[in-house]
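A.B. asks: Sequences listed follow chains A and B, in order. Numbering-wise, our numbering comes out as the position in the first sequence, counting from 1, plus 260. Numbering-wise, our numbering comes out as the position in the second sequence, counting from 1, plus 260. What follows is a single structure, and I will ask about it in a moment.
Protein chains: 2
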Amino acid sequence: MQCEIITIGDELLIGQVVDTNSAWMATELNACGIEVKQISSVHDDAQHIVAALNEAFERADIVLTTGGLGPTKDDITKHVLCDYFHTELIPDDTVKAHIEALYKDRPDVLNRLTETQWLVPKAATILPNRVGSAPLMVFHKDNKILVSMPGVPYEMKIAMTEQVLPYLSAHSAVFQRSGLSGAAGLNSIIHKTALVYGVPESVLALRLEEWENNLPADLHLAYLPKDGIVRLRLSQYSNNLSAEGGLSAQRSDSAAVFKQLLELLGDDCIATEDKPLESILGDLLKERHATIATAESCTGGKLASLLNKQPGSSAFYFGSVVAYDNSVKHNVLGVRQEDLETFGAVSEPVVRQMAEGVRRLLKTDYAIATSGIAGPDGGTAEKPVGTVWIAWATPTETFAQCFHLGRLREQITDRTCVTSLTKLIKYLHIS
Amino acid sequence: MQCEIITIGDELLIGQVVDTNSAWMATELNACGIEVKQISSVHDDAQHIVAALNEAFERADIVLTTGGLGPTKDDITKHVLCDYFHTELIPDDTVKAHIEALYKDRPDVLNRLTETQWLVPKAATILPNRVGSAPLMVFHKDNKILVSMPGVPYEMKIAMTEQVLPYLSAHSAVFQRSGLSGAAGLNSIIHKTALVYGVPESVLALRLEEWENNLPADLHLAYLPKDGIVRLRLSQYSNNLSAEGGLSAQRSDSAAVFKQLLELLGDDCIATEDKPLESILGDLLKERHATIATAESCTGGKLASLLNKQPGSSAFYFGSVVAYDNSVKHNVLGVRQEDLETFGAVSEPVVRQMAEGVRRLLKTDYAIATSGIAGPDGGTAEKPVGTVWIAWATPTETFAQCFHLGRLREQITDRTCVTSLTKLIKYLHIS
């Protein structure tokens with residue numbers, strides 16, 4: 261079963277907004293066995309939207325669109341879909357009642373523009389949008405399905421989870437039974453990921469070469485390097501459709517093949533799931549009933565933000581001190597003023613005292629401290645931009661290391677987070 | 261001059277990676293007067309890449325691709341481009357010397373896979389990739405241009421800035437002189453944005469209706485609502501191409517029209533540039549030579565991370581205490597234990613003491629404190645998920661307010677950041 265995603269909105273094409281919707285949707289669709297063939301972003305322009313719909317329907321059985329459903333003049337998706345499916349707008353009482361309830365305390369919002377939100381295409385099946393005013397619209401065309409959703413990420417996510425995926429599952433069963441559209445049906449797509457730290461992509465590829473050359477035809481290996489980590493992904497598509505689109509008679513045992521991969525990776529593999537590093541660390545800490553704090557200079561709260569992003573983080577994450585200014589390093593974390601002056605903020609003695617200081621202050625088992633030159637200014641010949649000291653304080657020891665993590669501010673911050681989390685994960689694995 | 265972006269990689273289509281490249285590229289291209297017509301993400305699949313190239317060349321003069329240039333088996337872009345442009349791979353001595361210099365300290369990386377990186381298509385113009393091993397490849401076809409770049413964001417950004425944009429500028433001048441390809445040439449694209457807080461989209465649209473209906477044909481207004489802010493964008497495309505693709509004889513005075521918009525918005529407009537809220541606040545603080553700190557519970561370091569993301573933030577941002585656990589609120593920020601017990605962590609007395617505590621501890625002029633129930637657990641009938649208290653401490657007073665900011669963890673965190681920054685921006689505007 262193949263799907264395409266079309267995200268609609270000028271803001272995407274001028275770079276005002278990053279399309280985060282598509283990746284989220286693709287993950288959820290894959291989990292349901294639906295493959296995403298292409299993602300396209302197009303302008304709020306009738307002719308262009310129609311062209312994109314035509315192209316997508318040529319390749320896929322399901323087309324999902326987001327965006328262009330607001331009440332203002334620049335949003336035209338609903339009108340374009342009416343023309344495309346030769347239908348007209350009619351009022352929908354259920355949608356009307358929902359919108360009136362949604363804005364019952366906001367009479368100013370229940371105005372004549374908002375009223376246009378309960379006009380829906382006559383030919384569409386309407387699914388409720390529990391948290392917004394734009395209804396979800398489903399169209400059927402030659403045994404194919406189009407679903408139009410709002411572009412606001414929170415609304416789209418709730419719509420997908422509660423309405424769209426259940427609807428597609430129900431209707432794809434119809435496809436399978438009737439044998440229509442040549443679809444592979446909702447057979448499962450499997451992705452297994454191993455995270456490797458400290459081995460360059462090409463070195464890794466040589467190590468795996470023989471094994472990779474002997475992979476069964478329905479299994480496919482991908483290398484995804486970023487910030488010093490290579491994510492190795494083994495993918496398996498549905499029974500009758502291989503990754504290359506050809507037919508494969510038999511489904512291989514992907515679990516057994518993945519196990520071979522892990523044996524080849526040995527200790528270089530730091531995780532066997534495609535989870536963020538902060539979740540991997542969080543799970544290790546939870547297992548040990550241990551807690552963590554961070555003292556951050558160059559990462560400036562990013563580690564904190566990563567660690568508590570996940571639900572349930574209060575079980576292991578206590579807090580952080582973002583010590584951006586040197587006065588905070590001294591006054592709050594207790595770093596010796598003379599060390600700041602003698603060695604500078606980006607130095608081993610300072611980063612060690614930061615880690616130990618925050619561990620003592622917040623009374624945690626572990627602590628990570630970062631101090632580096634993220635640029636664009638502040639670099640010297642001795643400590644160029646990209647120089648980063650990281651320290652880890654544990655119940656038994658404190659250790660620190662110096663790294664050179666790139667040239668761009670964002671890159672240096674990201675790599676500092678990756679490096680500091682990975683080293684602690686490796687430490688917990690062996691301790 | 262129209263352009264299309266094609267991002268290549270299975271990881272984009274299975275949701276393993278969010279395509280942040282395209283938005284960044286679109287912003288830079290727009291600034292050079294190049295309009296982005298469509299963004300497409302496709303699999304590492306020869307047939308599919310070729311189809312996407314054909315479709316893009318039908319619509320645009322310039323096609324930019326990212327991804328698929330690594331040394332491993334799953335990366336096929338270079339080979340597909342060779343077939344597409346009927347050419348073959350040949351070794352390039354300049355690229356070879358660059359790669360050997362790049363990995364001079366890593367003999368293990370200078371292996372036979374990495375060696376394939378200095379094979380380049382004979383028909384391509386090669387531009388140097390200063391920070392990576394994959395060369396940038398430029399192809400010309402029927403007076404149109406294709407540039408293939410690596411997908412790693414840092415490499416792509418340096419490639420675009422230092423190589424691709426200068427190359428396109430130089431070559432589009434050739435287009436203009438020869439009058440080829442019907443391109444509008446590198447005339448300027450103008451986007452002017454006003455940020456409005458606290459007015460729902462439909463209410464705003466009614467207020468602007470008459471003015472919007474009378475906009476000149478070459479100006480286009482777009483509404484972009486998110487987290488309680490509406491970004492109003494007035495766009496003007498090139499001289500001979502209106503937003504709808506039609507011809508407009510004359511270019512309007514967009515500055516004068518934008519001024520009219522600002523008059524209609526009055527005090528509801530909190531900024532007249534499309535800058536992040538943290539930059540707007542940063543600039544206001546820098547003007548006043550004032551400093552800020554944050555004490556964060558439910559935002560967990562996100563405010564800190566936003567405030568110091570921008571270069572030069574050390575002028576106004578001192579640091580933060582992420583007080584996720586109540587012990588940190590009490591021990592580090594000095595929140596009274598009895599208030600934590602009597603009123604709970606999400607309460608006015610606690611959030612006020614957090615703001616005042618961090619302002620005192622870090623010795624700053626201003627402070628923001630947040631404490632809320634971000635969920636999914638922890639909600640009660642009295643304080644449901646989404647309840648957030650925010651406090652602002654200033655040199656003269658402390659004020660606090662309770663908000664209800666949604667139901668999803670991520671949404672609540674984002675909206676808390678937006679609300680806390682916006683309120684302080686408004687306060688600084690009038691104080």
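Ideal Cβ placement from N, Cα and C applies to all residues, glycine included. Model, not experiment: these values are computed from the prediction.
Among A/Ile628, A/Leu593, A/Ser587, A/Asp270, which one has its Cα closest to the Cα of B/Ser574?
C.D. replies: Comparing Cα positions, the closest option is A/Ser587.
A.B. asks: In whole angstroms, what is the alpha-carbon distance linking B/Thr453 and B/Glu533?
C.D. replies: Rounded to the nearest angstrom, the two C-alpha atoms are 5 Å apart.
A.B. asks: Rounded to the nearest angstrom, what separates A/Leu621 and A/Leu593 at their Cα positions?
C.D. replies: Whole-angstrom Cα-Cα distance: 7 Å.
A.B. asks: If we ignore side chains and look at the alpha-carbon of each, how far apart do B/Leu545 and B/Ala615 end up?
C.D. replies: When rounded, the distance between both Cα atoms is 17 Å.
A.B. asks: Express the C-alpha separation of A/Ala394 and B/Gln276 in angstroms, rounding to a whole number.
C.D. replies: Taking the straight line from one Cα to the other gives about 28 Å.
A.B. asks: Using a Cβ-Cβ cut-off of less than 9 Å, list which residues of the stretch 512-534 of chain A approach chain B; keep chain order.
C.D. replies: The stretch 512-534 of chain A vs chain B, Cβ under 9 Å: Asp534.
A.B. asks: Please list, in chain order, the chain A residues whose beta carbon lies closer than 9 Å to that of B/Thr287.
C.D. replies: Chain A residues near B/Thr287: Ile274, Gly275, Gln276.
A.B. asks: Residues in the same chain with beta-carbon distance under 6 Å from B/Ile294, minus the five sequence neighbours each way, listed in chain order, please.
C.D. replies: These residues qualify, in order along the chain: Met261, Cys263.
A.B. asks: Between the stretch 548-572 of chain A and chain B, which residues of the former have CB atoms less than 7 Å from a CB of the latter, in chain order?
C.D. replies: Correct list: Gly560, Gly561, Lys562, Ala564, Ser565, Asn568, Pro571.
A.B. asks: Apply the 10 Å Cβ neighbour rule to B/Gln298 and answer buried if 16 or more other Cβ atoms are within range, or exposed otherwise.
C.D. replies: Buried.
A.B. asks: If the criterion is Cβ atoms closer than 8 Å, does the pair B/Leu524 and B/Arg467 meet it?
C.D. replies: Against a cut-off of 8 Å, the Cβ pair of B/Arg467 and B/Leu524 comes out as a contact.
A.B. asks: Using 8 Å as the threshold, is the C-beta distance between A/Gln377 and A/Leu396 below it?
C.D. replies: Contact flag unset, no.
A.B. asks: Buried or exposed for B/Ala291, please, with buried defined as at least 16 other CB atoms from any protein chain shown within 10 angstroms of its CB.
C.D. replies: So B/Ala291 ends up on the exposed side.
A.B. asks: Which residues in chain B have a C-beta closer than 8 Å to the C-beta of A/Phe472? List them in chain order.
C.D. replies: Reading off the sequence, residue 472 of chain A comes out as Glu, not Phe. Correct list: Lys333.
A.B. asks: Does the beta-carbon of B/Asp637 have 16 or more other beta-carbons within 10 angstroms, so that it is buried, or is it exposed?
C.D. replies: That one is exposed.
A.B. asks: Leaving out five residues on either side along the sequence, give the residues of the same chain with a beta carbon under 7 Å from the beta carbon of A/Leu362.
C.D. replies: Cβ within range, chain order: Ser393.
A.B. asks: Which term fits A/Phe659, buried or exposed, when burial requires 16 or more other beta carbons within 10 angstroms of its beta carbon?
C.D. replies: Result: exposed.
A.B. asks: Candidates B/Lys623, B/Thr624, B/Ile633: which alpha carbon is nearest B/Val606's?
C.D. replies: Nearest option by C-alpha distance: B/Ile633.
A.B. asks: Using Cβ-Cβ distances below 8 Å, what residues of the stretch 368-397 of chain B are close to chain A?
C.D. replies: Correct list: Asp368, Val369, Asn371, Arg372, Leu373, Thr374, Val391.
A.B. asks: Give a yes or no on contact between the stretch 352-369 of chain A and the stretch 331-343 of chain A, applying the rule of three or more CB pairs nearer than 8 Å.
C.D. replies: Too few Cβ pairs lie closer than 8 Å, so no.
A.B. asks: Which residues in the same chain as A/Phe578 place their Cβ atom closer than 8 Å to its Cβ, once the five residues preceding and following it in sequence are excluded?
C.D. replies: Excluding sequence neighbours, A/Phe578 sits near Thr551, Ile552, Ala553, Leu622, Lys623, Thr624.
A.B. asks: Just confirm the distance between the C-beta atoms of A/Thr267 and A/Thr326, as a whole number of angstroms; I'd bet it's less than 8 Å.
C.D. replies: That pair is a contact at about 5 Å.
A.B. asks: Sorted by chain position, which residues of the same chain lie with C-beta nearer than 6 Å to B/Ser448's C-beta, five sequence neighbours on each side aside?
C.D. replies: Taken in chain order, the residues that qualify are Gly293.
A.B. asks: Would you say A/Gly293 lies against chain B (beta-carbon separation less than 8 Å)?
C.D. replies: Taking Cβ atoms only, chain B never reaches closer than 8 Å to A/Gly293, which makes this a no.
A.B. asks: List the residues that DSSP assigns as beta-bridge partners of B/Gly579.
C.D. replies: Answer is A/Ala583, B/Ala553.
A.B. asks: May I ask which residues mark the beginning and end of the beta strand (DSSP E) holding A/Lys546?
C.D. replies: From DSSP, A/Lys546 is part of no beta strand (DSSP E) but of the alpha helix (DSSP H) over 537-547.
A.B. asks: Assuming A/Asp321 contacts A/Lys401 (C-beta within less than 8 Å), just tell me the rounded distance between them.
C.D. replies: Contact flag wrong, Cβ pair sits at about 10 Å.
A.B. asks: Name the DSSP beta bridge partners of A/Ile732, please?
C.D. replies: Here chain A has residues from 261 to 691 only, and residue 732 of chain A is not among them.
A.B. asks: With a CB to CB cut of under 7 Å and the five nearest residues on each side skipped, what residues in its chain are close to B/Phe518?
C.D. replies: If we look at B/Phe518 and ignore the five residues flanking it on each side, its Cβ neighbours are Lys452, Leu494.
A.B. asks: Pull out every residue of the stretch 635-668 of chain A whose Cβ sits closer than 8 Å to any Cβ of chain B, in chain order.
C.D. replies: Listed by position along the chain: Gly635, Pro636, Asp637, Gly666, Arg667, Leu668.
A.B. asks: Among residues of its own chain, excluding the 5 on either side of B/Ser438, which ones have a beta-carbon nearer than 6 Å to its beta-carbon?
C.D. replies: With a pLDDT of only 40 at B/Ser438, under 50, the local geometry of the prediction cannot be trusted, and the value read off the model is given with reservation. Within the same chain, B/Ser438 has no close Cβ partners at all.
A.B. asks: Can you check whether the CB of B/Thr682 is closer than 8 Å to the CB of B/Thr630?
C.D. replies: Their beta carbons are not under 8 Å apart, which means B/Thr630 does not touch B/Thr682 by this criterion.
A.B. asks: Less than 8 Å between the CB atoms is what I'm expecting for A/Val610 and A/Val581, so what's the real figure, rounded?
C.D. replies: The pair is not a contact, with the Cβ atoms about 14 Å apart (cut-off 8 Å).
A.B. asks: What residues in the stretch 612-630 of chain B bring their beta carbon closer than 7 Å to a beta carbon of chain A?
C.D. replies: For the stretch 612-630 of chain B, which is checked against every Cβ of chain A, the residues closer than 7 Å are Leu621, Leu622, Lys623.
A.B. asks: Name the residue from B/Ser680, B/Lys486, B/Glu461, B/Lys569 whose alpha carbon lies nearest to the alpha carbon of B/Glu556.
C.D. replies: When only C-alpha atoms are compared, the closest one is B/Ser680.
A.B. asks: Determine the chain B residues that contact A/Leu477 at a beta-carbon separation under 9 Å, and present them in chain order.
C.D. replies: Here the sequence assigns Ala to residue 477 of chain A, which means Leu is not the residue at that position. The contacting residues do not exist; A/Ala477 stays about 14 Å from chain B at best.
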